[in-house]
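Working notes, structure below.
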Amino acid sequence: MKKLSLTSSFYSLPIEVFWYGSLKPTNNTVVLLKGIYGLHNPNTPDSWDMSLISACKSSYNFICINTARLNEVFPSDTPEAFAGKTFQQECEDVKKGFDMCVQDKLVSKEHRIIIVGNSFGGTLLLALPTLFQKAESIIMIGSGCGKSLTTTKPLLSTMSSEESFLSSLQSYAGTFVFIRGTNDTVVPKDSQDKIIASAISARERVVCEIKGAAHNLSGGTIDRTELFSRLLAYCTK
26 MKKLSLTSSF YSLPIEVFWY GSLKPTNNTV VLLKGIYGLH NPNTPDSWDM
76 SLISACKSSY NFICINTARL NEVFPSDTPE AFAGKTFQQE CEDVKKGFDM
126 CVQDKLVSKE HRIIIVGNSF GGTLLLALPT LFQKAESIIM IGSGCGKSLT
176 TTKPLLSTMS SEESFLSSLQ SYAGTFVFIR GTNDTVVPKD SQDKIIASAI
226 SARERVVCEI KGAAHNLSGG TIDRTELFSR LLAYCTK
């Protein structure tokens, strides 16, 4: 694993980028975007991102990005660590992280990019068309596009409009996959449906509904890591 660091516009705090090179030579590169306030921790083998990396490290390179946060003051994965940060700054951090991998020649035009956006990670991706248009495949997990008019939570209160999210996806021509649990009570189904319906130009549009699964896909009828592994193989077939 290689760790890179660069500076965010959010109080000039660090952005962390983790590069996991495949055990075998490959151009298949997966970008993992975690949910809201999510933190990639290489020392948590049971987390969904590390479980997937461990299961697929022979066939794919992986990129994980920890956006800037006030982790010297508050716990890293709490809303308080993002106090004062805008949605746009969060988007900028993700783009800067990916661009750093390009600058360091970890990623090139020859690479087949697959972007996995978990929940809010998928929402962020919708606001980054210059990034997702580089991807051969997009996999979203329980993501939404709606903005609450009453929320005061960091990042959520400054989100872009629903229309801008959806219009950016309409021209995407790669493979689009959306995964959700039938028992998701976090993101409204109609918000998810709007994203799916907007992928009108996708080469393939695949919807996976996991019976009995919650928003984080727990409690479902299939193991998450096994499902993600199969979908990565499908996207790079």
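Everything in the sequence shown is counted per this note's numbering, starting at 26 for the first residue and increasing by one.
Every residue, glycine too, gets a C-beta built ideally from N, C-alpha and C.
Following the DSSP letters along the chain, one finds I140 in no alpha helix (DSSP H) but inside the beta strand (DSSP E) bounded by residues R137 to N143. In the three-state reduction of the DSSP assignment, R255 falls in the helix class, which pools H, G and I. By the Cβ-count criterion, Q195 is exposed, with fewer than 16 other Cβ atoms from all chains shown falling within 10 Å of its own Cβ.
Annotated as proximal: D118 and S33, with beta-carbon spacing under 8 Å. In the three-state DSSP reduction, S162 falls in the strand class (E or B).
With contacts defined as CB atoms closer than 8 Å, E161 and T200 qualify as a contacting pair. For L191, the enclosing alpha helix (DSSP H) starts and ends at E187 to L194. Your pair F43 and P67 checks out as a contact, with CB atoms roughly 7 Å apart and the cut at 8 Å. Selection M125, G146 and L77 evaluated against L31 yields M125 as nearest (Cα-Cα).
Apart from sequence neighbours up to five positions away, the residues of its chain that approach N143 with a beta-carbon distance below 6 Å are K59, G60 and I166, ordered along the chain. When the alpha-carbon of E188 is set against those of L242, N241, A152 and G206, the nearest one is in A152. Pairing V231 with L257, the inter-Cα distance amounts to about 13 Å. Counting along the chain, the unbroken alpha helix (DSSP H) around E115 starts and ends at F112 to Q128. Fewer than three Cβ pairs drawn from the segment 207–224 and the segment 247–254 lie within less than 8 Å of each other, which leaves the two stretches out of contact. Classified as exposed, T177 has fewer than 16 neighbouring CB atoms from the shown chains inside 10 Å of its CB. A straight-line Cα-Cα distance of about 10 Å links Y36 and G109. Nearest neighbour of S84 by Cα position, chosen from S226, L131, L48 and H240, turns out to be L48. Excluding residues up to 5 positions away in sequence, I140, L150, I163 and Y197 lie with their Cβ nearer than 7 Å to the Cβ of F157 in the same chain.
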